[in-house]
Amino acid sequence: MSNDLEIALRSADDATTYLMDDEHEVEFEENGCNEPSHAQVSSCPALTSVFDNSVANPVTVDSLNAKTTEPASRGHSTLSDANFVENYFKFSRLHFIGTWRNRYRKRFPNSHDCSKDKNSSHNGSVSQRSTIIHVDMDCFFVAVVIRNRPDLKDKPVAICHSDSSRGTAEISSANYPARDHGVKAGMFVRDAKALCPELVIFPYNFDAYEEVADQFYDILHKHCNKVQAVSCDEAFLDVSDSAVEDPSFLASAIRKEILDTTGCTASVGIAGNMLMARVATRIAKPDGCCFIPLERVDRYLHDLPVKALPGIGHVLDEKLRTMQIRTCGQLRMISKESLQKDFGIKTGDMLWNFSRGIDSRMVGVIQETKSVGAEVNWGVRFNDLNDAKDFLLKLCKEVSLRLEGCGVQGRNITLKIKKRRSSAGEPVKFMGCGDCENLSRSTTLPMATDDVHVLQRIANKLFGYFQIDAKDIRGMGLQASKLEAADTNRRGHEKCSIRSWLVSSGRKGFTNTDSCKLRDRVNSRTGLDSVSMVQSEGSGEVAVSREATLPGLDELDIGVIESLPPEVFREINDLYSGELINLLSKNKQNNKDFGMTSMVPQNIADVMDEERSAFETLDKIPCDEEDEYVNGKAHLKSASIGEASSSASGLLPTTDSLMPSSLSQVDPFVLQHLPEELRVDILESLRAHRNPHLMSNDVSVKYDVAQTASEDFMMKNELWIGNPPKWVDNFARSSCSLLNIFAELHNSSCPGSQFSSLLQSLVSGLSLLPSDGQDDAFSSLCELIKQYVDVKIETDIEEIYTCLRLLRRLSLRSKLFLRIYDNVLPRFQAAVCEHYGGNLNICLMDE
DNA sequence: ATCCTCCCCTAC
DNA sequence: TAAGGTAGGGGAGGAT
Ligand SMILES: Nc1ccn([C@H]2C[C@H](O)[C@@H](COP(=O)(O)OP(=O)(O)OP(=O)(O)O)O2)c(=O)n1
Ligand SMILES: [Mg+2]
Ligand SMILES: [Mg+2]
1 MSNDLEIALR SADDATTYLM DDEHEVEFEE NGCNEPSHAQ VSSCPALTSV
51 FDNSVANPVT VDSLNAKTTE PASRGHSTLS DANFVENYFK FSRLHFIGTW
101 RNRYRKRFPN SHDCSKDKNS SHNGSVSQRS TIIHVDMDCF FVAVVIRNRP
151 DLKDKPVAIC HSDSSRGTAE ISSANYPARD HGVKAGMFVR DAKALCPELV
201 IFPYNFDAYE EVADQFYDIL HKHCNKVQAV SCDEAFLDVS DSAVEDPSFL
251 ASAIRKEILD TTGCTASVGI AGNMLMARVA TRIAKPDGCC FIPLERVDRY
301 LHDLPVKALP GIGHVLDEKL RTMQIRTCGQ LRMISKESLQ KDFGIKTGDM
351 LWNFSRGIDS RMVGVIQETK SVGAEVNWGV RFNDLNDAKD FLLKLCKEVS
401 LRLEGCGVQG RNITLKIKKR RSSAGEPVKF MGCGDCENLS RSTTLPMATD
451 DVHVLQRIAN KLFGYFQIDA KDIRGMGLQA SKLEAADTNR RGHEKCSIRS
501 WLVSSGRKGF TNTDSCKLRD RVNSRTGLDS VSMVQSEGSG EVAVSREATL
551 PGLDELDIGV IESLPPEVFR EINDLYSGEL INLLSKNKQN NKDFGMTSMV
601 PQNIADVMDE ERSAFETLDK IPCDEEDEYV NGKAHLKSAS IGEASSSASG
651 LLPTTDSLMP SSLSQVDPFV LQHLPEELRV DILESLRAHR NPHLMSNDVS
701 VKYDVAQTAS EDFMMKNELW IGNPPKWVDN FARSSCSLLN IFAELHNSSC
751 PGSQFSSLLQ SLVSGLSLLP SDGQDDAFSS LCELIKQYVD VKIETDIEEI
801 YTCLRLLRRL SLRSKLFLRI YDNVLPRFQA AVCEHYGGNL NICLMDE
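Using UniProt numbering, the letters of the first sequence correspond one by one to residues 1 to 847.
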């Protein structure tokens, strides 16, 4: 066993780094200025007999044939292959091992519930010592491919796409005779051949790897019920409470069965934790077994190069090297505090612990998937932005499929771009990405999605953000995170549907969540939260709570009441038999202004008129709410004349409409009447956002200014503030309710108090919506509605119409909604056209 | 303090 | 020719 250790140390020492791409690329940059344009059609047939016997590669042939089309195109790239992505993944070894875990999950779905087993805390207690086994197949890809070729067992063999001694294809795996020559995974085949001219190259056989991996895991699961899969050829077993068995005996049995079943050898490491078990496996390789008892941990680690520790790659190794630290023994000389200062808290901890053989991780704790993505950083060459967009769409499709495959949807989308560094020439590696800047942008969606259209819209938006020359793009990736279970999501979505909302009977009891805090703060002051809707955290289920009794007059928040739209106020006033207006008269000196809160500047009223006449041709169906709308409009119009002058008189020094200053976007009236803590929030927020004339600490000044223009009701929904992502997110989280609010507004039978509460919620929610240059909240809201359309168009066209009518109605009252309506209308039209081949307007009239 | 975004690092 | 993917952990720095 000790000579095993020597071997391990030596090979670990050799294993400096082969993958030092950046330096590599820079170094060869000038050398390789060969234009990849018109590729030599001369197919190079210099493949060994072994290689030729392999299954032909149709993609290569196709793409070679296809390259006559593009004059300036590189021979083989995104430019020349219509099915590039699909084909690429079929031949990518890294894609194979990267996606293997998901296939494993599906194949052994039951093996995940081992986390909730008896294990619980037995490992957490220090007294109980555990036994971990780590199993790893020897030179897996090679072993599988030559398992029926005993004649090659002692010859140097490697797996690679190319057998050219000048090729830049990468060695995927090399057997141990080949490693004796210095051949390693990740090397270019030309370098491997230089080190070992007699190296025999085999092509990949992914099906066989999959098959052997299945056998491998069948065996492991048979011998142990606590199995943590690391990769297709590697796993941890926790055999702590595996009763009577001697772990070494168990290990031998497993190794033997693996060899008998697969014809491939595996090595095993046994130790008290995962770290040392893995270290033991390295020592055991190839085809061996190594047990590191607790008392010998120090001895094994002392001279072990730090690079041999899992978690220390070439960057950390180099950093440590500059500190004269090469071995774990040397690493132990550094204090934990010092390591944490140099490498960060967690990394410092890890270095300190691992150098002492300490590892508290437990086997089998299955963490749910946190992200799903797809990326391609090879063969990516674009001539223009359309190429890039097309490629992006393919990535979206890929990600959509994978999300679906995982039964999951993402609420956060990240786009990654590899951008050619300006200093970098043509990559050393054929069709490689070379020396690149890695860029990424992400956005959080109103609701989780796996819809390819949504992904595409988002991806394009993110892409636009980069402002990048398409020719500089060397790689792209799309990733979804903040995942939610798709079934829960869909169920939630059903629950959020307008129909189910309308049908649902009132249910008492609901869970409050952070997302509703803001609204609740308003409601709690009004006592008007007789209707509340929240999306409860776990199930996405919408719970509704209604109270039949009205709050007492004295419980109402005057400020909020005043900020309500006139028609809403009238309803509430009716509910209180007209006492509300009396209350206001008593409490407010300027109550005579109250009737004026409904006034609109003439220009806005004109816009509304235009819009309305446009709609009239479409909206033939009279409904109860139409009356209300007319009433509201008449009211608005009658009041609009006096107001126009006041608004135009420029009482607000900052309402210069040409200036997009934040203050000009704040409706002073709303500001004035918001509850105190909300107002403070907003002012704080404004202060934080690049607005010089709001930097003053004197709140009362702004308050006064606000009061002077307090009658402009239509400005209410223009209260847009800065860019607080938290609010966007919180609002987005409750946005399912937004559509319910639409529905409630639409429901003519909705009792007044509920109507007003809903509208109040909506208004207070909207008034907190941020909107800056990037219009995050605005697009968030639009995106929500578009997603909604995309989903609903499949099953429920009527709901689509309902939603559209609601939006249209709201757009007549609010400039914000007018903008939203304009933004989403094309999506409605496209959806209807796509799914029903009809014209949206006609459909509306028909209905 | 805790979160989020945009990275970098690591492993297979 | 060649198929440099995938996912989690974590850090820096800024916003809340
Ligand atoms: N840079 C790499 C590393 C690994 N692999 C693939 C091929 C390997 O066969 C397989 C398993 O990886 P291992 O690290 O276990 O390497 P091997 O099994 O090949 O060799 P060892 O005997 O060291 O485990 O993953 C790869 O394609 N490229
Ligand atoms: Mg292996
Ligand atoms: Mg392995």
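All residues carry an ideal CB built from backbone N, CA and C; glycine is no exception.
Everything numeric in this text was worked out from a predicted model, so none of it was measured.
Discussion item. Within a Cβ cutoff of 7 angstroms, which residues of the same chain sit near H835, ignoring the five residues on either side of it in sequence?
Written reply: Closer than 7 angstroms at Cβ, skipping near neighbours: I793.
Fill in: Neighbourhood of D287 by C-beta distance below 7 angstroms, restricted to the same chain and skipping five residues each side
Beyond the five residues adjoining it in sequence on each side, D287 comes within less than 7 angstroms, by CB distance, of D138, T265, S267 in the same chain, given in chain order.
Worksheet item: Given a threshold of 16 other Cβ atoms within 10 Å of its Cβ, counted over all protein chains shown, does R129 qualify as buried or as exposed?
Response: Flag for R129 reads exposed.
Worksheet entry | Residues with C-beta closer than 6 angstroms to any heavy atom of ligand 3, in chain order | Shown in chain order are the residues whose CB sits closer than 6 angstroms to a heavy atom of ligand 3: D136, S231, D233, E234.
Discussion item. If I follow the unbroken alpha helix (DSSP H) through G329, where does it start and stop?
Written reply: Per DSSP, G329 belongs to the alpha helix (DSSP H) from 328-331.
Worksheet entry | Spatial distance of P247 from T131 (CA atoms) | Spanning the alpha carbons of P247 and T131 requires a straight line of approximately 8 angstroms.
Fill in: Any non-hydrogen atom of ligand 1 within 7 angstroms of A169 CB
Checking every heavy atom of ligand 1 against the Cβ of A169, none is found closer than 7 angstroms.
Worksheet entry | Secondary structure, alpha helix (DSSP H): runs of 4+ residues fully inside the stretch 335-382 | With a minimum length of 4 residues, the continuous alpha helix (DSSP H) runs that stay inside the stretch 335-382 are 336-343, 345-354.
Item to complete: Over the uninterrupted alpha helix (DSSP H) stretch that includes Q215, give me the two end residues.
Response: Segment 206-223, the alpha helix (DSSP H) holding Q215.
Discussion item. Can you list, in chain order, the residues of its chain with a C-beta nearer than 7 angstroms to that of D317? Leave out the 5 residues immediately preceding and following it.
Written reply: The answer, listed in chain order, is V306, K307.
Worksheet item: Does any heavy atom of ligand 1 sit closer than 7 angstroms to the C-beta of S173?
Response: Checking every heavy atom of ligand 1 against the Cβ of S173, one is found closer than 7 angstroms.
Discussion item. For T327, which residues in the same chain have their Cβ closer than 8 angstroms to its Cβ, ignoring the five residues on either side in sequence?
Written reply: In its chain, beyond the 5 residues on either side, H302, D303, L304, P305, V306 have a beta carbon closer than 8 angstroms to the beta carbon of T327.
Worksheet entry | CB-CB length for V200 against P156, believed under 8 angstroms | Under the criterion of beta carbons closer than 8 angstroms, V200 and P156 qualify as touching, at roughly 7 angstroms.
Worksheet item: Do G269 and A253 have their C-beta atoms within less than 8 angstroms of each other?
Response: In this structure, A253 does not lie closer than 8 angstroms to G269 by Cβ.
Worksheet item: What are the boundary residues of the beta strand (DSSP E) that includes R474?
Response: Taken as a continuous stretch (DSSP letters only), the beta strand (DSSP E) holding R474 covers 473-485.
Worksheet item: Among all the DSSP beta bridges, which residues are the ones paired with F188?
Response: Residue pairing from DSSP places F188 in a beta bridge opposite E170.
Worksheet item: ligand 1 heavy atoms versus the CB of C139: any closer than 7 angstroms?
Response: Yes; taking the cut-off as 7 angstroms, the Cβ of C139 has a heavy atom of ligand 1 nearer than that.
Worksheet item: Alpha carbon to alpha carbon, how far is H423 from L331?
Response: Residue identity differs from the one stated: residue 423 is Ser in this sequence, not His. S423 and L331: Cα-Cα distance of roughly 37 angstroms.
Worksheet item: How big is the Cα-Cα spacing for V832 and N839?
Response: Whole-angstrom Cα-Cα distance: 7 angstroms.
Fill in: Backbone secondary structure at M274 - three-state DSSP
Reduced to three states, the DSSP call for M274 is helix.
Discussion item. Need the endpoints of the alpha helix (DSSP H) that G405 sits in, please.
Written reply: Per DSSP, G405 belongs to the alpha helix (DSSP H) from 385-406.
Worksheet item: For A251 versus C224, is the C-beta spacing smaller than 8 angstroms?
Response: Not a contact, by the Cβ cut-off of 8 angstroms.
Worksheet entry | Spatial distance of R441 from L401 (CA atoms) | Straight-line Cα distance between these residues: approximately 22 angstroms.
Item to complete: Could you have a look at C833 and say whether DSSP puts it in helix, strand or coil?
Response: If DSSP states are grouped into helix, strand and coil, C833 belongs with the helices.
Worksheet item: Sorted by chain position, which residues of the same chain lie with C-beta nearer than 8 angstroms to L395's C-beta, five sequence neighbours on each side aside?
Response: V85, A374, E375, V376, A459, M476, G477, L478.
Practice prompt. Give the secondary structure of P286 by DSSP, where H, G and I count as helix, E and B as strand, and everything else as coil.
Written response: The answer is coil: DSSP assigns P286 none of H, G, I, E or B.
Worksheet item: CA-CA distance, L275 and V135?
Response: Between L275 and V135, the C-alpha separation is close to 13 angstroms.
Practice prompt. Work out the CA separation of D154 and V315 for me, nearest whole Å.
Written response: Rounded to whole angstroms, V315 to D154 spans 34 angstroms at the Cα level.
Item to complete: Whole angstroms is fine: what's the gap from I417's alpha carbon to A388's?
Response: Roughly 11 angstroms separates the two Cα atoms.
Discussion item. Three Cβ pairs or more, each shorter than 8 angstroms: is that satisfied between the stretch 228-245 and the stretch 346-366?
Written reply: Counting C-beta pairs closer than 8 angstroms gives three or more between the stretch 228-245 and the stretch 346-366, which meets the contact rule.
Item to complete: Could you name the residues that DSSP lists as bridge partners for M137?
Response: M137 is bridged to A266.
Worksheet entry | Heavy atom of ligand 5 within 7 angstroms of K285 beta-carbon | For ligand 5, the structure offers nothing, since it holds only ligand 1, ligand 2 and ligand 3.
Item to complete: Using alpha carbons as the reference points, say which of A213, A178, Y217 lies closest to S202.
Response: For clarity, residue 202 is Phe in the given sequence; the question names Ser instead. The shortest Cα separation from F202 among A213, A178, Y217 belongs to A178.
Fill in: alpha helix (DSSP H) segment containing T99, residue limits
Residues 93-107.
Fill in: Exposure label - D298; buried when at least 16 CB within 10 Å
Counting Cβ neighbours within 10 Å, D298 comes out exposed, since fewer than 16 surround it.
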